[in-house]
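One structure is given here, and the rest of the page talks about it.
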Amino acid sequence: MMKNITRYLLCLCPVTFVFFTNYPKQSSCTMKSFQVGEPQQVECEASQDNMLADGEHVPNMFFVSTNDVELNLFGRNITHVNSALKIIKEGLDMFNMTSLRQTLNKSAIDFAEFTYIPGGHWKPNKFKDSSKVALLVPFRKRGQMLGIFLRHMIPFLLRQGLEFAIFVIEQANDLKFNRGMLANVGFTEALKFEEWDCVIIHDIDFLPRFDQNSYNCRNMPRHFMSGLAKRQKLLFYEFNGVTGFSREQFIKMNGAPNRYWGWGGEDHELRTRALIKGFNIYRTQWPYGYYDHIPHEEHSAADTEKKRKQYRKKASNYIRQDGLSNLKYPQPEVIIHPLYVKIRVNISNIPPSSPA
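Heads up: the sequence shown is residues -20 to -1, 1 to 336, going by mature numbering (1 follows the signal peptide of the UniProt record, and there is no 0).
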């Protein structure tokens, strides 16, 4: 298998990736103190290079398949990408994670400005931010959104010169959705691919509108959303949608809570955990923190409001017992796609230990 991969790599010649050839200067961001108890604001100066005057990119909300996104990004080079992926997939069951990681790196393809590693891991060759970012996308029954998300997010991240990869963590059962537990699974599995500097837990239905909303690993924990572009609506205390943590912070917080089933509650507790650990929370200043929302059907009902209030009230007691420390899940199915890694996992209820 390794001989086949080596033989294939030797025949690869440098190719030109023409889709992304110009990069804006990194936006200049400073911190602005806000009122006590509210997130500090990240003020960013707009870059004027190779973008709209204000750095705004309105997302295209029309449906697109992931195959079409791949073809648009890679063009004629899609053949090279698919050939490398085919060899890796054929031997996937034979690899442990260490050998898979080595094989993926050996399968890297050099483009003009980026090195591409199968599975959607991008490393900039020229304009480079030092951050290594893993996007964790909790996911179920949102296949129609995935192409829209990838079409917008990959160019957005490449323009920022980040090293990044996207991990789609799919809940493979019909239990109520558990965003917190999926984030914990994604964090654990993503670190088997790379020592990421930070993770961003990203709802698939929110798309950033401004390049100045940098997804680098500085100023964490961070709430990247300041409002919704369509409604011109500002957020103040929420910690939802798109939130980031350094690797060390997420470990110190014991990750996200596993006990919230249905939509809502885990984001509030993530904020509580960050504050308990003494971390300053930052938020990208409007309008740069504006997001567009992909319309969709309503989420499944969450646990009762009374139950969620009880959980939130006891959040400080459960921080040690509920999270990464008690995370259990069966061996997930890892699927290497050209633009992302899908991690399908059949999660189930994990009763936390009694609170301290």
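In this text, a Cβ means the ideal position worked out from N, Cα and C, and glycines have one as well. Model, not experiment: these values are computed from the prediction.
Beta-carbon spacing of residue i, residue j below 7 angstroms
| i | j | result |
| --- | --- | --- |
| residue 322 | residue 241 | no |
| residue 251 | residue 173 | no |
| residue 184 | residue 117 | yes |
| residue 132 | residue 208 | no |
| residue 301 | residue 331 | no |
| residue 119 | residue 169 | no |
| residue 303 | residue 234 | yes |
| residue 238 | residue 161 | yes |
| residue 98 | residue 64 | yes |
| residue 50 | residue 275 | no |
| residue 153 | residue 269 | no |
| residue 111 | residue 177 | yes |
| residue 147 | residue 271 | no |
| residue 95 | residue 103 | yes |
| residue 159 | residue 246 | yes |
| residue 206 | residue 266 | yes |
| residue 224 | residue 256 | no |
| residue 262 | residue 196 | no |
| residue 182 | residue 126 | no |
| residue 227 | residue 299 | no |
| residue 326 | residue 310 | yes |
| residue 139 | residue 36 | no |
| residue 259 | residue 312 | no |
| residue 295 | residue 236 | no |
| residue 109 | residue 142 | yes |
| residue 100 | residue 320 | yes |
| residue 68 | residue 316 | yes |
| residue 44 | residue 54 | no |
DSSP three-state assignment for residue i, whether helix, strand or coil
| i | result |
| --- | --- |
| residue 298 | helix |
| residue 324 | strand |
| residue 244 | coil |
| residue 231 | helix |
| residue 201 | coil |
| residue 187 | strand |
| residue 50 | helix |
| residue 307 | coil |
| residue 209 | coil |
| residue 330 | coil |
| residue 313 | strand |
| residue 174 | coil |
| residue 36 | strand |
| residue 155 | coil |
| residue 9 | Low local confidence applies: a pLDDT of 46 at residue 9 is under 50, so the model's placement there is unreliable, with the coordinate-based value given in what follows. It is a strand residue. |
| residue 249 | helix |
| residue 255 | helix |
| residue 45 | coil |
| residue 2 | With a pLDDT of 35 at residue 2, under the threshold of 50, the modelled position of this residue cannot be trusted; read the value that follows with caution. The answer is coil: DSSP assigns residue 2 none of H, G, I, E or B. |
Unbroken beta strand (DSSP E) run spanning residue i, endpoints
| i | result |
| --- | --- |
| residue 263 | 262 to 264 |
| residue 166 | No beta strand (DSSP E) holds residue 166; the alpha helix (DSSP H) holding it covers 159 to 170. |
| residue 182 | 178 to 182 |
| residue 112 | 112 to 119 |
| residue 151 | 143 to 151 |
| residue 222 | 222 to 226 |
Bridge partner(s) assigned by DSSP for residue i
| i | result |
| --- | --- |
| residue 239 | The partner list for residue 239 (beta bridge, DSSP) is empty, contrary to what the question assumes. |
| residue 272 | 187 |
Element boundaries [alpha helix (DSSP H), containing residue i]
| i | result |
| --- | --- |
| residue 132 | 123 to 139 |
Any chain C beta carbon closer than 7 angstroms to residue i
| i | result |
| --- | --- |
| residue 256 | The question asks about chain C, but that chain is absent: this structure has only one protein chain. |
Task: In chain order, each alpha helix (DSSP H) run of at least 4 residues that lies wholly inside the segment 55 to 106 - done: 58 to 70 and 77 to 86
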